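Below is one structure, written out as structure tokens, with a few remarks after it.
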Amino acid sequence: MHSTIVRGQNVFGFFTTVCFVVAALIAASDLLAPRTPKATVAVKDLQVVRGRPHYYSTKKEEYAIIRFSLSADLSSLFSWNTKQVFVYVSASWPNSTLGDAGKGEMVNEAVIWDTIITNPSADHLQNIGPAAMKKLVRSTKGKTIDPSRGKLELKNQKAKYQITSPDGKLAETDNMVLKLHYNVQPWVGVLTWTPQIEFGSWKKVKGGISKAFKLPAIKAKKVVEKKSA
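Mapping of the sequence shown onto the working numbering: residues 10 to 238, in sequence order.
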């Protein structure tokens, strides 16, 4: 006869096995849902400044401030297993210190803007005020999946983060582009990032990259001459 402890262990082991199998099936179901994101990114304003990009910076360096427009439809990333989607825009540019060897290779990349889009069932995870939370919950009441959550329309958006370079020089950097990325965080399963290749019904982001541009030179300070008496 098995003791009570052994029987409890057998029941617990069977329970965990069933939970693992169910979780695996839920995670695998994401592969059946098509993902066809598309986006358009355009640069609106560029500025290069010399100074301390952050209050904790120890030295002055060149940093870029970018304004951009973004039109994205990421609604296909939301399924019944989607918890939230982390969206971010990065700036990529080749490393000038590599010379011709690094020409065309986007070896430098910096995030300039990001946001989190939650599914209605995960709205309670957002760090917003009570009034905004009530409005958000009321607008999505009864909806399990809200396609409008994945649609972004930003015009002349100022970057959240300034761009700096390891060598401290950034003015007149050429062949820079902006790219849209995302990270899907499911309720059950693994995190999935922006695919570099198409896999089944999961497609690469259609568009999602701006035209190459060049950063301007640092504006020289105007010297005001004093009028002679």
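C-beta atoms are modelled at their ideal positions from N, C-alpha and C, and glycine is treated no differently. Given the structure is predicted, the values throughout are model-derived calculations rather than measurements.
Tell me which residues share the same chain as residue i and place their Cβ nearer than 6 Å to its Cβ, disregarding the 5 neighbours each side in the sequence.
i, result
"residue 202", "192"
"residue 216", "47, 48 and 49"
"residue 73", "57, 172, 179 and 224"
"residue 19", "none"
Are there 16 or more other CB atoms within 10 angstroms of the CB of residue i, so buried, or fewer, so exposed?
i, result
"residue 93", "buried"
"residue 30", "exposed"
"residue 12", "exposed"
"residue 27", "exposed"
"residue 98", "buried"
"residue 159", "buried"
"residue 41", "exposed"
"residue 86", "buried"
"residue 182", "buried"
"residue 22", "exposed"
"residue 165", "exposed"
"residue 77", "buried"
"residue 200", "exposed"
"residue 17", "exposed"
"residue 14", "exposed"
"residue 117", "buried"
"residue 169", "exposed"
The beta strand (DSSP E) with residue i in it runs from where to where?
i, result
"residue 60", "47-60"
"residue 210", "Residue 210 -> no beta strand (DSSP E), and no H or E assigned at all."
"residue 203", "Note, residue 203: premise wrong, no beta strand (DSSP E); not H, not E."
"residue 190", "186-195"
"residue 75", "70-82"
"residue 116", "It is not in any beta strand (DSSP E) - residue 116 carries neither H nor E in the DSSP assignment."
"residue 178", "Run containing residue 178: none; DSSP gives neither H nor E here."
"residue 97", "91-102"
"residue 169", "Element bounds for residue 169: n/a, residue is neither H nor E."
Can you tell me where the alpha helix (DSSP H) with residue i in it begins and where it stops?
i, result
"residue 16", "13-38"
Taking the alpha-carbon of residue i as reference, which of the options has the nearest alpha-carbon?
i, options, result
"residue 43", "216, 214, 210 and 222", "210"
"residue 101", "219, 20 and 76", "219"
"residue 162", "116, 15, 22 and 80", "80"
"residue 121", "127, 217, 129 and 167", "167"
"residue 157", "88, 15 and 20", "88"
"residue 129", "119, 116 and 143", "143"
"residue 221", "61, 103 and 204", "103"
"residue 7", "117, 82 and 169", "Limits of the chain in this structure are 10 at one end and 238 at the other, which puts residue 7 out of reach."
"residue 6", "208, 139 and 194", "A query on residue 6 cannot be resolved here, the shown segment of the chain reaching from 10 to 238 and no further."
"residue 204", "141, 45 and 119", "45"
"residue 75", "33, 34, 119 and 38", "119"
"residue 208", "198, 141 and 39", "39"
Excluding the five sequence neighbours on either side, which residues of its own chain have a C-beta within less than 7 Å of the C-beta of residue i, listed in chain order?
i, result
"residue 196", "90 and 92"
"residue 124", "96"
"residue 25", "none"
Could you name the residues of the same chain whose beta carbon sits closer than 8 Å to that of residue i, not counting the 5 residues immediately before and after it, in chain order?
i, result
"residue 71", "57, 58, 59, 173, 174, 177, 178, 179, 180 and 227"
"residue 206", "213"
"residue 84", "156, 157, 158, 159 and 160"
(message) If contact is defined by three or more beta carbon pairs under 8 Å, each pair taking one atom from either stretch, is the region 165-180 in contact with the region 64-80?
(response) Between the region 64-80 and the region 165-180 there are three or more inter-stretch CB-CB distances shorter than 8 Å, so the stretches are counted as touching.
(message) Can you confirm whether the region 41-60 touches the region 181-191 when touching is taken to mean that 3 or more C-beta pairs between the two stretches lie within less than 8 Å?
(response) Touching, yes, given that three or more Cβ pairs across the two stretches are closer than 8 Å.
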